Every structure is written in C-alpha cells, then in structure tokens.
Amino acid sequence: MNPELPLVLASVGLIFVVGFAALVVKKDLVRLLMGIEIMFNAANLAFIGFSTQTAGSVDPYGQTVVMVTIVLDGAVIAVGLAMIINVYRHYKTLDIRKLRRLRW
Amino acid sequence: MVIDDLLTHIPLPLFVLLVGSLLSPIMGMLGEKFSFRKASEAWVLIVSVAALIGVYILYQQVQATSGVAVFSFWGQPPPLGGSFEVDSVGVFMAFSIAFLGCLVSVYSVSYMAKESRLTEFYTLVALMETGLTGVVLSGDMLTLFVFWELMSVSSYVLVSFLKGTWGPVEAGWKYLVMSASAGAFLLLSMSFIYGMTGTLSFAGIALAFKGAAFTLWPRLLFATLVIGFGVKSAIVPLHTWLPDAHPEAPSPISALLSGIVIETGLYALTRTLYLVFDPAIFQIPIAVLAALTMTLANVTAMYQNDIKRMFAYSSIAQIGYMMVGLAAGTAYGIMGLFLHIFNHSLMKGLAFLSTGSIVHETGTRDIDKLRGIGRMMPLTALALFVAVLSLGGVPTTSGFISKFVLFNSAFDVGLGWLAAIALINSALSMGYYLRVMRNLFSKPAEGVLVHESPPLMVGVTLAMAFLIIVFGLWPAPLIDFATGAGNALVQGAAHYISAVFG
Amino acid sequence: MMTARTIGTLAACLAIVGVLAYAYFVPIDLGLPSLVPTLLQRQITPLSRFDDLPGIVSGFLWGNRSIDLIGQSFVILASVVCCLALLKMEGESE
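Top to bottom, those sequences are chains A, B and C. Here the first sequence stands for residues 8 to 111, numbered as in our numbering. Here the second sequence stands for residues 2 to 503, numbered as in our numbering. Here the third sequence stands for residues 9 to 102, numbered as in our numbering.
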C-alpha cells in the first residue's frame with residue numbers, strides 16, 4: 008500500500024468540495040463551467056491515485072481512463088461555452104440570477 | 002465473410018448507427034449541393050430502420066449463444082479490454098431505443114420541415130441514438146461512460162435547438178450544468194470501483210463484489226452512484242432540470258427525451274446496483290426515493306397550466322413507478338420495470354408527439370387557450386386520449402398491465418406501504434390528465450379555427466395509439482420478452498460472469 | 009482590516025493545509041477494501057525513476073482500449089456538430 012494514498016484521497020475530496028462550492032456559490036456563468044471542470048479533474052486525480060496503489064509499481068489502466076475522460080470533459084465544456092454565447096445574445100448579461108424566467 | 006467476422010466483434014445496431022451518424026453530415030451537404038431537399042431526413046430514416054433490423058439480428062446472436070454474447074475488438078479481450086456484453090436486457094433496451102427512434106424520425110420529417118440547420122438536427126438525433134444504444138449494450142464502465150457522454154452532449158444541444166426564443170436557451174443551459182456535474186459524480190464513483198477492485202469491466206465487478214460487506218467505502222459508492230445516474234433519470238430531488246428542458250425542446254426531441262433517455266439512465270442505475278450490491282441492501286433507500294418521486298411529481302403536475310410541462314412532471318412520476326419495481330428486487334419486479342420502460346416509451350412518446358401536433362397548429366402551449374381544439378383536430382385528440390388513458394393505467398391499454406405488475410411485485414416483498422402510495426398516486430394522476438381532455442373537447446372560443454395536422458404526423462400518432470391498444474389486449478409477446486430480461490438481470494449473474502471469465 | 013471575509017479565507021486556508029498535513033504525516037488506515045477477484049489479469053508493471061511511463065500507458069491504451077478511442081472520437085464529432093448547430097446564423101433576422 009502506497010503510504011501517500013491518504014494524502015491523494017484527501018486532496019481529491021478537498022478539490023471536489025471546492026468545485027461543488029464554486030458551482031453553488033458563484034453567479035457568473037463561466038465560473039459555473041469552471042466549477043464543473045474542477046470536479047471532473049478531482050475525479051481524474053482519484054483515478055491516478057488509485058493506479059499507484061501498490062508501492063513501487065504502476066497500473067496503467069487507471070491512467071488510460073484519465074486520458075479518455077479528459078477529452079470527453081473538454082467536449083462538454085466546449086458545448087457549454089457555445090451555449091453561454093447564445094445565452095448572452097438573448098439576456099445581454101452573464102448573471103445566473105437573471106436566468107429565472109422559467110419558474111415553477 | 003468479412004461481415005460475419007465483423008459481427009462477432011461489434012454489435013450490429015451499434016455499428017450501423019456509428020457509420021450512419023458519421024456519414025450523416027456528408028449526406029446533408031451532398032443534398033444541399035445537388036438540391037435534393039430531404040437528403041438528411043431520408044438518410045436518418047434509412048439508418049433508423051437499419052438499426053431496427055440490426056437489433057433483430059443481435060437478438061438471433063444472443064439466442065444462439067445461450068443467453069450472453071460478448072463482443073470485443075480483435076485481440077483485446079475483456080476484462081482488460083473494452084467490451085460489449087449483451088444479454089436479454091440489452092436486446093430489450095436496444096429494441097425500445099430503435100423503435101422509438103424510427104417513429105420519432107418519421108414524425109420529425111413533417112414537424113421540423115420549416116426549420117433551419119436541419120443537417121445538424123438529424124446528425125445529432127442519430128448521434129444521440131448511437132449513444133443510447135452504446136450505453137445499453139456496454140459491458141465495461143469506461144465504455145458506458147464514453148457513450149453516456151455522447152448521448153448527453155447531443156441532448157444538451159437538441160434541447161436548446163430552437164434558439165430564436167429565450168426559453169430553450171435557458172432550459173438547455175440548466176440541463177447542461179446539472180447533467181455535466183452528474184457526470185463528474187459518476188466519474189468519481191467509477192474511481193471508487195477501480196480503487197476497490199482494480200477493474201472496470203462489469204463481469205469483473207460482479208465477481209469482486211459478490212458477498213462484500215457494506216462498510217464505509219461501499220456506502221460512499223452507493224451515494225455517488227445514485228447522484229451520478231439519478232440526475233439523468235430524474236429522481237427527486239435531482240429532477241429540477243426536467244420540467245424546464247422537456248417543454249422547451251422541440252416536440253419530437255421531448256418525446257425521445259421523456260420516452261427513452263431518462264429510462265436509459267434508470268437502466269444504467271439498475272444494472273450497476275445489481276452488479277455491485279445485494280438487493281436487500283438498496284431496497285429501503287430506493288423505496289423511499291420512489292415514494293418521494295411519485296408524490297412530489299404528481300402533486301406539482303396538478304398546478305401546471307402548460308400542457309408539455311404537465312407531461313414532463315408526469316414523466317417524473319412514471320420514473321417513480323418504475324423505481325417501485327427496482328425496490329422490489331425480485332425477477333417479477335424487474336420484469337415490471339422493463340415492461341413499463343417499453344410501454345412508457347410508447348405512451349409518453351405518443352403524448353408528446355400528439356401534443357406537438359397541437360402546438361404545431363395552434364402555436365401555444367397554454368391549456369386554457371387550447372379550449373375546444375379537440376373538436377377541430379379529432380384524430381390527434383383521439384390519439385392523445387388513448388395515451389392519457391394508458392398513462393393513467395386504464396384496463397385494455399398496455400399501461401394497465403405494466404402498472405399492475407409493478408404494484409403487485411411491491412406487495413410480494415412486504416413493501417405494502419409503497420404499493421399503497423403508488424396506487425393513490427396513479428388515481429391522482431388521472432385527475433389532471435382528464436382535466437386536459439375535458440378542456441380539449443369542450444366548446445371552442447369564438448373565432449378560433451384550426452386545421453388538422455399534416456398527414457405524416459397524424460399517421461404516426463394513430464399508429465402508436467393502435468399499438469398501445471394492441472399491446473393492451475395481447476401482451477403475451479412483450480411479457481415473455483420482458484420476463485427473459487428480468488430473469489437475465491436478477492438470476493443470470495453467474496452466467497454473465499462466466500461468459501467473460503470462462 | 010480584519011473583515012469577516014479575510015477571517016473566513018484565512019480559516020479556510022488553515023483548514024485545507026491542516027487536513028493535508030494530517031493526511032501526510034499521520035499514518036491513517038483507510039479501510040479501503042481490497043476486493044481484487046482472483047481470476048483477474050492486471051498489468052501492474054514495476055516502475056523505477058526514469059522508466060518510459062508515457063510509453064507504457066499509450067501502449068496499454070492502443071493495445072487494449074480501441075473501442076473507447078473510437079467512441080471518444082465520436083464525442084468530438086458530436087461536440088463539433090453541436091457548436092455548429094448552436095452558432096450558425098442562417099434563417100435568423102439578426
């Protein structure tokens with residue numbers, strides 16, 4: 008068992024909480040996308056941490072998963088940014104509190 | 002020979018859909034160049050019908066190998082390599098997806114005839130269908146995640162496709178934020194599975210978690226799994242994107258989303274929970290979530306004035322009924338769940354498509370303004386009436402049979418309180434459905450004159466209504482199919498594992 | 009000078025550093041159940057400092073995971089078509 012695994016998992020938890028807090032607290036649309044990206048990267052770090060579990064060796068399976076998910080997350084963020092452009096064309100603001108017209 | 006060799010390495014419907022969606026933008030461009038106006042529509046229709054034929058051939062393949070067929074690339078066997086492991090459950094879900102995809106493609110030829118960017122629309126519909134088929138056929142969690150993201154990315158933009166007004170744009174944004182963060186939770190749960198077992202293949206996970214104790218890490222895994230899959234399958238309290246996204250999407254896309262995308266999320270949750278946990282462990286949490294989902298959705302639906310929003314809340318309630326079957330945990334309950342998935346795709350698809358015909362003609366979604374439209378559009382209103390009867394669970398429609406199976410299975414395992422709540426909710430839902438029908442058939446206001454919809458839209462809706470009644474009176478083939486699926490999921494774990502590990 | 013905001017930020021930084029230091033210096037038993045199935049083949053390769061880790065990982069990826077690479081290329085295709093659908097201006101008055 009790798010002696011640094013608790014440190015990696017503690018930082019995964021902290022980064023995930025930071026990303027989730029950014030998603031809940033921030034009011035700017037681009038910052039919400041940054042929060043999503045931070046959460047994805049926390050999960051990727053967890054994969055890498057678990058792939059170096061046995062001390063002195065590495066399991067390349069975990070790292071290939073990360074190589075695939077980085078690309079997938081990039082695609083999601085690209086679509087999100089294009090959607091922000093559309094939102095700006097309609098609402099003329101990037102404040103999430105103004106996007107409340109669809110209620111109830 | 003080449004085809005036979007290919008067919009043992011990749012499932013045929015997935016291959017057809019992948020090639021079809023890759024060539025779809027090219028067909029659209031060629032159509033514009035040679036001014037052949039319906040090129041991309043024709044291509045997507047061909048691809049959908051070919052996918053349906055492919056599902057039939059896949060069914061033959063699964064029968065030939067006595068229950069589970071494993072597909073993997075040349076020289077890359079599971080559990081190290083990505084694979085598609087297809088049993089009766091996968092064939093059932095692939096059939097539902099291909100069937101609804103065909104019907105919706107035919108309908109949207111007429112509905113979206115006057116919109117712009119049609120090449121992109123049909124390409125995205127084909128890509129979403131590819132993603133859905135990949136999710137239900139996959140045998141490995143990374144493959145599931147890749148096709149899950151493919152399905153999600155296509156559906157974000159299909160919801161906000163009519164970007165001329167502010168409604169779809171805002172609804173699409175909310176949907177994207179909630180669904181992408183759920184993807185991050187799903188990835189976190191995959192990392193826990195990888196950390197505990199060293200593999201991500203379904204057969205390996207089933208072998209590893211057999212009889213494992215429910216300590217802290219499996220609890221964390223359960224929570225992140227439910228959040229990750231639950232946003233997409235609209236479990237309360239993670240459902241808040243659905244009442245905004247489904248009304249604002251174009252009607253054929255609403256039908257696809259409500260009809261099959263949220264059910265695929267529920268299928269993925271079911272499959273993963275059965276692989277990792279013992280059914281007795283997740284019975285109580287899922288039962289509580291099911292009761293919460295049904296009650297909140299039905300109560301909120303009664304206050305809606307927008308017809309599509311009301312049907313969106315009704316979709317959430319139907320997901321609650323399906324979770325009753327999941328909470329029961331027996332093969333009978335899971336049979337009810339899959340039967341209700343297929344029936345709901347027909348019923349809710351029909352409801353959204355006929356509502357789409359009404360909205361297409363009148364231009365409004367407000368129930369009060371739609372007074373008396375039923376008298377001027379009799380065929381569409383008849384189809385909507387059949388859909389509403391089936392959603393409420395009236396006998397001789399297919400909705401009655403699947404609801405009966407679901408509530409019966411809850412009684413079998415001692416969850417009588419859950420079945421009672423479900424029955425009360427079912428009766429409550431007829432209240433708001435019939436309010437819409439009464440409004441449609443009452444006396445129209447002055448000076449309102451609406452024509453019947455174009456014949457293609459009417460034809461598709463009437464065909465679906467006919468199928469609902471036929472399956473209500475003669476459900477035997479569907480019940481056999483669903484029973485095979487239920488048995489394969491609950492009792493076929495050993496067979497599933499031995500198909501990969503020999 | 010000592011507003012609530014600065015106090016909150018300082019407290020958060022101290023908490024983060026504290027948690028990380030605790031995780032590093034104090035030996036914690038994580039209780040991570042090791043449920044590796046006996047029939048599983050894993051390719052755990054021993055690694056020393058200057059070994060070719062990118063080569064190992066890419067070899068594994070291309071040798072065992074071609075399905076996911078194809079799927080990922082379709083996701084890229086989907087995001088390209090999505091951006092086209094969202095940002096095209098044909099048929100609009102503005």
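Think of the CB as a built atom: it goes at the ideal place given N, C-alpha and C, for glycine as much as any other residue. For clarity, every value in this text was computed on a predicted model and none was experimentally measured.
Have a look at the DSSP bridge pairing and note the partners of T53 (chain C).
Beta-bridge partners of T53 (chain C) (DSSP): A:V65.
S202 (chain B) in three-state terms, based on DSSP
Judged by DSSP in its simplified three-state form, S202 (chain B) adopts strand.
Grouping DSSP H, G and I as helix and E and B as strand, with all else coil, what is E102 (chain C)?
In this prediction, E102 (chain C) scores a pLDDT of 45, lower than 50, which makes its location untrustworthy; the coordinate-derived value is nonetheless stated afterwards. If DSSP states are grouped into helix, strand and coil, E102 (chain C) belongs with coil.
Looking at the structure shown, is D60 (chain C) part of a helix, part of a strand, or coil, going by DSSP?
Under the three-state reduction of DSSP output, D60 (chain C) falls in the coil class, being neither helix nor strand.
Going by alpha carbons, who is nearest to V105 (chain A) out of A:D35, A:A29 and A:V25?
Sequence inspection shows Lys at residue 105 (chain A); the Val mentioned does not correspond to that position. Checking every option, the nearest Cα to that of K105 (chain A) belongs to A:D35.
Within 10 angstroms of its Cβ, does E42 (chain B) collect 16 or more other Cβ (buried), or is it exposed?
Label assigned to E42 (chain B): buried.
Under 8 Å by Cβ, that's how I've got G326 (chain B) and I335 (chain B) pegged, so tell me the actual separation to the nearest angstrom.
The C-beta distance from G326 (chain B) to I335 (chain B) rounds to 6 Å, short enough to meet the 8 Å contact threshold.
With a Cβ-Cβ cutoff of 7 Å, do V65 (chain C) and Q60 (chain A) count as a contact?
Cβ atoms of V65 (chain C) and Q60 (chain A): not closer than 7 Å.
Please classify E102 (chain C) as buried or exposed, where buried requires at least 16 neighbouring CB atoms within 10 angstroms.
Unreliable positioning characterises E102 (chain C) in this predicted model, as indicated by a pLDDT of 45, which lies under 50. The coordinate reading is nonetheless provided below. The Cβ neighbour count for E102 (chain C), taken over all protein chains shown within 10 Å, is under 16; the residue is labelled exposed.
Unbroken alpha helix (DSSP H) run spanning V24 (chain A), endpoints
Here the alpha helix (DSSP H) through V24 (chain A) covers L12 to V32.
Report back the beta-carbon spacing between I84 (chain A) and V73 (chain A) to the nearest angstrom; my notes put them in contact at under 8 Å.
A Cβ-Cβ distance of about 16 Å is found for the pair I84 (chain A) and V73 (chain A), leaving them out of contact under the 8 Å criterion.
Three or more C-beta pairs closer than 8 Å, one from the region 147 to 159 of chain B and one from the region 98 to 113 of chain B: is that the case here?
Flag = no, the region 147 to 159 of chain B and the region 98 to 113 of chain B do not touch.
Which residue wins for smallest C-alpha separation from G394 (chain B), given the options B:S430, B:W75 and B:K370?
For G394 (chain B), the closest alpha carbon among the candidates B:S430, B:W75 and B:K370 is that of B:S430.
Touch check for the region 376 to 391 of chain B and the region 286 to 302 of chain B: three-plus C-beta pairs under 8 Å?
Contact fails between the region 376 to 391 of chain B and the region 286 to 302 of chain B, because fewer than three Cβ pairs, one in each stretch, are under 8 Å apart.
Taking CB distances under 7 Å as the criterion, tell me whether D66 (chain A) reaches chain C.
Put simply, the CB of D66 (chain A) is near chain C, with a gap under 7 Å to one of its CB atoms.
To the nearest angstrom, how far is the alpha carbon of L340 (chain B) from that of S403 (chain B)?
One C-alpha to the other measures close to 6 Å.
One question on the structure: do M348 (chain B) and S391 (chain B) come within less than 7 Å of each other, judged by their Cβ atoms?
It is a contact, given that the beta carbons lie within the stated cut-off.
Here's a check: name, in chain order, each residue in its chain whose Cβ is nearer than 8 Å to the Cβ of E33 (chain B), leaving out the five neighbours to either side.
So the list reads A40 and T120, once near-sequence residues are dropped.
Inter-stretch contact (C-beta, 8 Å, three-pair minimum) for the region 75 to 91 of chain C and the region 124 to 136 of chain B:
Because the criterion of three Cβ pairs below 8 Å is met, the region 75 to 91 of chain C and the region 124 to 136 of chain B touch.
Range covered by the beta strand (DSSP E) that runs through A421 (chain B):
Unbroken run through A421 (chain B) is the alpha helix (DSSP H), G417 to F442; no beta strand (DSSP E).
If you measure between the beta carbons of G140 (chain B) and F74 (chain B), is that distance less than 7 Å?
Here G140 (chain B) is not near F74 (chain B), since their CB atoms are 7 Å or more apart.
Chain B partners of M8 (chain A), CB-CB under 7 Å?
The contact set of M8 (chain A) on chain B, defined by CB atoms closer than 7 Å, is empty, because the minimum CB distance reaches about 12 Å.
Pick from B:G91, B:A213, B:I480 and B:F353: whose alpha carbon is nearest that of Y60 (chain B)?
Per the Cα distances, B:G91.
Can you give me, in chain order, the residues of the region 76 to 91 of chain C that have a beta carbon less than 8 Å from any beta carbon in chain A?
Within the region 76 to 91 of chain C, the residues whose Cβ lies closer than 8 Å to any Cβ of chain A are, in chain order, D76, L77, Q80, V83, I84, A86, S87, C90 and C91.
Verify whether the separation of the beta carbon atoms of G260 (chain B) and L101 (chain B) is less than 7 Å.
Yes; because the gap between Cβ atoms is below 7 Å, this pair is in contact.
So, at 6 Å on beta carbons, what are the nonlocal neighbours of G229 (chain B) in its own chain, with the 5 sequence-adjacent residues on each side left out?
The beta carbon of G229 (chain B) is closer than 6 Å to those of A183, F186, L187 and S190 in its chain, skipping five residues each way along the sequence.
Run through DSSP, which three-state label would E44 (chain A) get?
Here E44 (chain A) carries a helix assignment [DSSP, helix/strand/coil].
Which bits of chain B does L109 (chain A) rub up against, with CB to CB less than 7 Å?
Chain-order list of chain B residues neighbouring L109 (chain A): G168, E171, A172 and D245, by C-beta distance under 7 Å.
Should the region 23 to 43 of chain A be called in touch with the region 49 to 63 of chain C, which here means at least 3 C-beta pairs below 8 Å?
Cβ pair count under 8 Å is below three, so no.
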